[in-house]
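Student: Have a look at this one.
2 protein chains.
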Amino acid sequence: MRARMHRLAGLGFISCFTGLCFSQPLPLTSAEVLATAPPSDWRKLHPERTLYMELPAGRVVIEFSPGFAPEGVANIRAMVKARYFDGLSIVRSQDNYVVQWGGAAPGRSRGAAKATVPAEFTRLISPSSVFTALPDPDTYAAHAGFIDGFPAARDTAGGDEWLVHCYGMVGIGRDDAPDSGDGSELYVVTGQAPRHLDRNITLVGRVVAGMELLSAMPRGTGALGFYTKPEQRTTIREVRLAADVPAAQRSPLEVMRTDSASFGRWIESRRNRQEPWFHSPAGRIDVCNIPVPVRSVRR
Amino acid sequence: MRARMHRLAGLGFISCFTGLCFSQPLPLTSAEVLATAPPSDWRKLHPERTLYMELPAGRVVIEFSPGFAPEGVANIRAMVKARYFDGLSIVRSQDNYVVQWGGAAPGRSRGAAKATVPAEFTRLISPSSVFTALPDPDTYAAHAGFIDGFPAARDTAGGDEWLVHCYGMVGIGRDDAPDSGDGSELYVVTGQAPRHLDRNITLVGRVVAGMELLSAMPRGTGALGFYTKPEQRTTIREVRLAADVPAAQRSPLEVMRTDSASFGRWIESRRNRQEPWFHSPAGRIDVCNIPVPVRSVRR
């Protein structure tokens with residue numbers, strides 16, 4: 129005889145078997161995970177690690193990952209402090225790949241930024257880093273999961289770990305030499321995760337709000353999706369560290385902690401969808417199909 | 129002593145060892161694979177299996193996959209013949225997910241289309257189908273690869289195969305019931321491959337040209353990315369089978385045969401990038417990171 133199950137409001141189910149009923153946890157839908165996550169499973173963005181890029185259509189918010197790219201992030205911060213990016217443009221939109229902005233601007237102050245920064249493609253596995261590993265097979269890495277709120281991968285045998293190129297991840301454009309990027313030209317992933325870029329280029333963070341302002345940019349018609357005419361480019365009004373913006377003008381965002389119990393439930397809700405629309409839950413999940421939840425807590 | 133290698137123009141290298149030189153095949157770059165693929169490794173689109181969706185900004189070309197969804201494709205063809213889609217709209221653009229068009233239009237002729245079509249989520253492995261399998265691990269399926277020009281997967285134990293949700297794949301929107309889609313509302317994948325949709329919904333083909341016209345649509349601000357105001361929608365000028373368009377107005381496209389030697393080299397060129405920019409070739413490739421090459425052969 130099959131037990132009969134009744135879904136409760138997002139918290140579990142009542143299971144009745146031969147007349148005896150009891151409640152037990154149920155795999156939650158994604159919406160239920162978000163609705164029931166306790167405040168302690170969310171964290172505020174740190175204003176010193178948060179960048180606002182103001183476009184004519186609105187604000188793009190980027191969370192930096194200085195733990196993985198301390199030198200790259202420091203260089204970008206220095207240029208932002210010098211207002212290097214203000215008035216520069218979105219220069220590239222290549223379909224199913226990346227949107228890119230900034231670039232060399234001779235004569236413009238770069239503040240305390242260095243001419244180049246070393247490659248920060250991987251780091252040694254940090255004893256203090258918490259790796260929320262996925263049990264699912266990953267095509268590109270021995271182990272995939274999350275570290276400090278970012279999608280990441282690990283090679284335990286090799287002893288290193290790195291951020292991975294999921295949708296919305298932001299990196300430092302470079303030429304052929306590994307250390308040729310200085311942080312003045314940045315890109316964001318706007319299509320299928322280009323995981324072949326992993327360990328080949330420095331990732332510095334993730335777009336946590338306003339992604340749709342970048343991803344829907346008209347595609348450039350030049351080689352690699354570069355715009356060929358100045359009027360095709362969108363001008364960046366200004367780029368600021370959140371810490372340098374008055375508190376009342378900051379975006380009150382919170383990110384789900386990737387080492388929390390709620391995030392574990394979030395992963396499971398996406399691995400096996402509970403919504404009635406699904407007839408064959410996948411039973412597996414790719415790291416890039418688990419966007420880290422972000423919410424606005426404006427009061 | 130390390131052999132010294134000299135790259136030739138895309139065809140191989142000369143290897144010199146202790147003064148003796150000989151040529152041997154070299155892994156090619158993606159550009160070299162395209163440049164050297166013989167005409168026999170390309171196929172023309174069949175006009176009866178090709179759809180043109182004319183938008184104000186240009187033409188979107190869709191290749192049907194009737195081998196996987198005979199009933200779904202037949203229903204869409206019937207509606208196209210009845211000019212069902214002409215004047216309908218793009219109704220949804222959800223960031224990192226799908227763009228959707230068409231929908232119920234009461235009073236409009238549907239031609240010979242049925243009210244609903246059965247679910248065509250998988251098919252039995254066809255004895256005649258040629259499966260170009262990838263050796264790389266796939267998160268979602270036992271085996272991933274290509275069949276008849278489309279990204280696909282197989283469960284050899286279960287005896288079935290199916291198309292997979294890579295960027296640009298087109299499917300039939302449905303409600304909760306598996307057979308509730310009739311082909312009047314179609315979607316295309318515009319973000320990270322939503323592989324959890326595999327085996328849950330009917331895929332009917334792939335956008336082979338004009339994808340950038342759909343993927344850059346402004347994102348809808350309603351639930352699930354639906355547009356909330358009529359003026360946000362883009363009107364579809366008309367949808368035609370290529371066979372019903374005068375030959376001179378057809379898009380002269382060719383697709384690389386996925387059972388060809390060139391396609392094998394194409395896969396390898398993407399698994400291990402040969403361009404000097406790359407310092408750590410991935411050594412692995414995801415099925416959705418191998419877009420099937422398309423070229424225009426206008427003379």
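Residue numbers (this note's numbering), protein chains in the order written: chain L, 129 to 427; chain X, 129 to 427. For every residue, glycine included, the Cβ atom is placed at its ideal position computed from N, Cα and C.
#1: Measuring straight from C-alpha to C-alpha, what distance separates A232/L and E313/L?
#2: Determine, for D264/L, whether the minimum Cβ-Cβ distance to residues of chain X falls below 8 Å.
#3: Would you call T363/L buried or exposed, if buried means 16 or more other Cβ atoms sit within 10 Å of its Cβ?
#4: When burial is assigned at 16 or more other CB atoms within 10 Å of the CB, is A131/L buried or exposed?
#5: Curious, which full-length beta strand (DSSP E) runs of at least 3 residues does the segment 193 to 265 of chain L contain?
#6: Less than 8 Å between the beta carbons of T330/X and E248/X, yes or no?
#7: Would T284/X pass as an interface residue toward chain L - the criterion being a Cβ-Cβ separation below 8 Å?
#8: May I ask you to list, following chain order, the residues of the segment 155 to 176 of chain X that have a beta carbon less than 7 Å from some beta carbon of chain L?
#9: Could you spell out where the beta strand (DSSP E) holding G383/X opens and where it closes?
#10: Once you ignore the five residues that flank G138/L on each side, which residues in its own chain have a CB closer than 7 Å to its CB?
#11: Can you check whether the CB of V292/X is closer than 8 Å to the CB of G251/X?
#12: Going by other Cβ atoms of all chains shown within 10 Å of its Cβ, with 16 needed for buried, is E289/X buried or exposed?
#13: Cβ closer than 7 Å: which chain X residues qualify as neighbours of Y355/L?
#14: Starting from W170/X, follow the beta strand (DSSP E) in both directions and report where the run begins and ends.
#15: Near C416/L, what residues of its chain come up, given a Cβ to Cβ distance below 6 Å and the 5 sequence neighbours on each side ignored?
#16: Does the segment 380 to 391 of chain X touch the segment 418 to 426 of chain X, meaning 3 or more C-beta pairs lie closer than 8 Å?
#17: For V425/X, which residues from the same chain have a beta carbon less than 6 Å from its beta carbon, with the 5 sequence-adjacent residues on both sides left out?
#18: Classify E340/L as buried or exposed, calling it buried when 16 or more other Cβ atoms lie within 10 Å of its own Cβ.
#19: With 16 other CB atoms within 10 Å as the buried threshold, where does E176/L fall?
#20: So what does DSSP say about G140/X, is it helix, strand or coil?
#21: Starting from F406/L, trace the alpha helix (DSSP H) in both directions and tell me its first and last residue.
#22: Whose CA, out of S158/L, D169/L and L154/L, lies closest to the CA of D387/L?
#23: Would you check if the distance between the CB atom of D223/X and the CB atom of R347/X is smaller than 8 Å?
#24: For the pair the segment 300 to 318 of chain X and the segment 226 to 243 of chain X, tell me if three or more CB-CB distances fall below 8 Å.
#25: Alpha carbons only, please: which of P166/X, S343/X and N203/X is nearest the one belonging to D310/X?
#26: Can you check whether the CB of D283/X is closer than 8 Å to the CB of I113/X?
#27: Give me, in chain order, the residues of the same chain whose beta-carbon lies closer than 8 Å to that of G411/X; leave out the 5 immediate sequence neighbours on both sides.
#28: List the residues of chain X that H271/L touches, going by C-beta distances under 9 Å, in chain order.
#29: From the DSSP output, in three-state form, read off P279/L for me.
#30: Using only the alpha-carbon positions, how far apart do M129/L and A206/X sit?
#31: Using a beta-carbon distance below 8 Å, is D288/L in contact with chain X?
#32: Rounding to the nearest angstrom, what Cα-Cα distance links G200/X and P246/X in this structure?
#33: Let me know if T356/X comes out buried or exposed under the rule of 16 or more other beta-carbons within 10 Å of its beta-carbon.
Tutor: Short version:
#1: Looking up residue 232/L in the first sequence gives position 104. Looking up residue 313/L in the first sequence gives position 185. If you draw a straight line from the Cα of A232/L to the Cα of E313/L, it is about 7 Å long.
#2: Against the first sequence, residue 264/L aligns to sequence position 136. Contact with chain X is found for D264/L, since one of that chain's Cβ atoms lies less than 8 Å from the residue's Cβ.
#3: Here the question's residue 363/L lines up with position 235 in the first sequence. Here T363/L is exposed. Its C-beta has fewer than 16 other C-beta atoms within 10 Å.
#4: Counting from one through the first sequence, the residue named residue 131/L turns up at place 3. Because the pLDDT of A131/L is 31, which lies under 50, any placement of that residue in the model is unreliable, and the number read from its coordinates should be weighed accordingly. With fewer than 16 other beta carbons inside 10 angstroms of its own, A131/L counts as exposed.
#5: Listed in chain order, the complete beta strand (DSSP E) runs (minimum 3 residues) inside the segment 193 to 265 of chain L are 217 to 222, 226 to 230 and 259 to 261.
#6: Taking the first residue of the second sequence as position 1, residue 330/X is located at position 202. Taking the first residue of the second sequence as position 1, residue 248/X is located at position 120. Yes, the pair counts as a contact, with Cβ atoms nearer than the cut-off.
#7: Position 156 of the second sequence, counted from the start, is the residue given in the question as residue 284/X. For T284/X, the answer is no, since every Cβ of chain L falls outside 8 Å of its Cβ.
#8: Hits within the stretch: zero.
#9: Looking up residue 383/X in the second sequence gives position 255. The identity of residue 383/X in the sequence shown is Val, whereas the question assumes Gly. For V383/X, the enclosing beta strand (DSSP E) stretches over residues L381 to M384.
#10: Locating residue 138/L in the first sequence gives position 10, counting from the first residue. No answer about G138/L holds up, because its pLDDT of 38 lies below 50 and its placement is not dependable.
#11: Along the second sequence, one-based indexing puts residue 251/X at 123. Along the second sequence, one-based indexing puts residue 292/X at 164. At residue 251/X the sequence reads Arg, which differs from the Gly that was named. Going by beta carbons, R251/X and V292/X fall outside the 8 Å limit.
#12: One-based indexing of the second sequence puts residue 289/X at position 161. Buried is the call here.
#13: The count along the first sequence starts at 1 and reaches residue 355/L at position 227. Going along chain X, no residue has its Cβ under 7 Å from Y355/L, so there is no contact; the nearest lies around 13 Å.
#14: The count along the second sequence starts at 1 and reaches residue 170/X at position 42. Unbroken beta strand (DSSP E) run through W170/X: W170 to K172.
#15: Counted from its first residue, the first sequence places residue 416/L at position 288. Hits under 6 Å: C294 and A321.
#16: Contact between the segment 418 to 426 of chain X and the segment 380 to 391 of chain X is present: 3 or more CB-CB pairs across the two stretches fall below 8 Å.
#17: Looking up residue 425/X in the second sequence gives position 297. The residues P380 and E382, in chain order, have a CB closer than 6 Å to that of V425/X in the same chain once the five nearest residues on each side in sequence are set aside.
#18: On the first sequence, residue 340/L is found 212 positions in, with the first residue counted as 1. Its Cβ being crowded by 16 or more others within 10 Å, E340/L is buried.
#19: To locate residue 176/L, count along the first sequence from 1; it is residue 48. Classification of E176/L: exposed, given that the 10 Å Cβ count is below 16.
#20: On the second sequence, residue 140/X is found 12 positions in, with the first residue counted as 1. The pLDDT assigned to G140/X is 45, lower than 50, so where the model puts this residue is not dependable; a value taken from the coordinates is nonetheless given after this. If DSSP states are grouped into helix, strand and coil, G140/X belongs with coil.
#21: Residue mapping note: residue 406/L aligns to position 278 of the first sequence, counting from 1. Where F406/L is concerned, there is no enclosing alpha helix (DSSP H), given that its DSSP letter is neither H nor E.
#22: Here residue 387/L refers to the residue found at position 259 of the first sequence. Cα-wise, what sits closest to D387/L is D169/L.
#23: Along the second sequence, one-based indexing puts residue 223/X at 95. Along the second sequence, one-based indexing puts residue 347/X at 219. Using a Cβ distance threshold of 8 Å, D223/X and R347/X count as a contacting pair.
#24: Because the criterion of three Cβ pairs below 8 Å is met, the segment 300 to 318 of chain X and the segment 226 to 243 of chain X touch.
#25: Within the second sequence, residue 310/X is the residue found at index 182, counting from 1. Closest in C-alpha terms to D310/X, from the list P166/X, S343/X and N203/X, comes N203/X.
#26: For residue 113/X there is no data in the structure shown, the boundaries of chain X being 129 and 427.
#27: Counted from its first residue, the second sequence places residue 411/X at position 283. Excluding positions up to five away in sequence, the list reads R399 and N400.
#28: Counting from one through the first sequence, the residue named residue 271/L turns up at place 143. For the C-beta of H271/L, not a single chain X residue is nearer than 9 Å; the gap to the nearest is close to 13 Å.
#29: Indexing the first sequence from 1 puts residue 279/L at position 151. P279/L carries a strand assignment under DSSP once its states are collapsed to helix, strand and coil.
#30: Here the question's residue 129/L lines up with position 1 in the first sequence. Here the question's residue 206/X lines up with position 78 in the second sequence. Low confidence applies here, because M129/L scores a pLDDT of 26, under 50, leaving its location unreliable; read the following figure in that light. Cα to Cα, M129/L sits roughly 46 Å from A206/X.
#31: Locating residue 288/L in the first sequence gives position 160, where the first residue counts as 1. Answer no: the Cβ-Cβ gap between D288/L and chain X never drops below 8 Å.
#32: As a working note, residue 200/X is residue 72 in the second sequence. As a working note, residue 246/X is residue 118 in the second sequence. Rounded to whole angstroms, G200/X to P246/X spans 8 Å at the Cα level.
#33: Position 228 of the second sequence, counted from the start, is the residue given in the question as residue 356/X. Looking at its Cβ environment, which holds fewer than 16 other Cβ atoms inside 10 Å, T356/X is exposed.
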